[in-house]
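Only one structure is covered here, and it is reproduced in the block below.
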Amino acid sequence: MGLSLIAALFSCTMGLCAPCTPGCAVLHSTASFFAFLFAVVAASVFFFAAHRVDSRFVVGLVGTYEQQIGEAFYCYVISCLLLMLVFILRFLFNES
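Mind the numbering: the sequence shown is residues -17 to -1, 1 to 79 in mature numbering (1 follows the signal peptide of the UniProt record, and there is no 0), read in order.
Set out below in structure tokens:
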């Protein structure tokens, strides 16, 4: 997840410089692709680790409880989809 955040920060920085410098536009699209790729890998690793039996069921004092994936995971998946949308729109509306 850290790599996706670093790539997304780099992508935002290059996106701010892209209107003035054409080279930054290429770096922006590359960084947004890597941010998307790293975010999907991080979400997949978390999803499969969260569904393992030893971490899914927690033994409490009264009984066994099943943990569920929370809203933050779904927000992260939506952000992955937005990163993919940014990468696709970069090629659709390319002016150079």
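Quick reminder that beta carbons are idealized off the backbone N, C-alpha and C, glycines included.
Excluding the 5 residues preceding and the 5 following residue i in the sequence, name in chain order all residues of the same chain whose CB lies nearer than 6 Å to its CB.
i, result
"A8", "A1"
Use the C-beta contact count for residue i: other C-beta atoms within 10 angstroms, 16 or more gives buried, fewer gives exposed.
i, result
"H11", "buried"
"S38", "exposed"
"C63", "buried"
"F70", "buried"
"L66", "buried"
"M(-4)", "buried"
With the cut-off set at 7 Å, would you say residue i and residue j are in Cβ contact?
i, j, result
"A(-11)", "F21", "yes"
"F40", "E49", "yes"
So, for residue i: in the same chain, excluding its five sequence neighbours on each side, which residues have a beta-carbon less than 7 Å away from its beta-carbon?
i, result
"S(-7)", "H11, A14, S15, A18"
"G59", "Note that residue 59 is Tyr in the sequence shown here, rather than Gly. So the list reads A26, once near-sequence residues are dropped."
"I52", "A33"
According to DSSP, what are the bridge partners of residue i?
i, result
"Y48", "V41"
Hey, out of the options, whose CA is closest to residue i's CA?
i, options, result
"G(-16)", "E54, V23, L75, C3", "V23"
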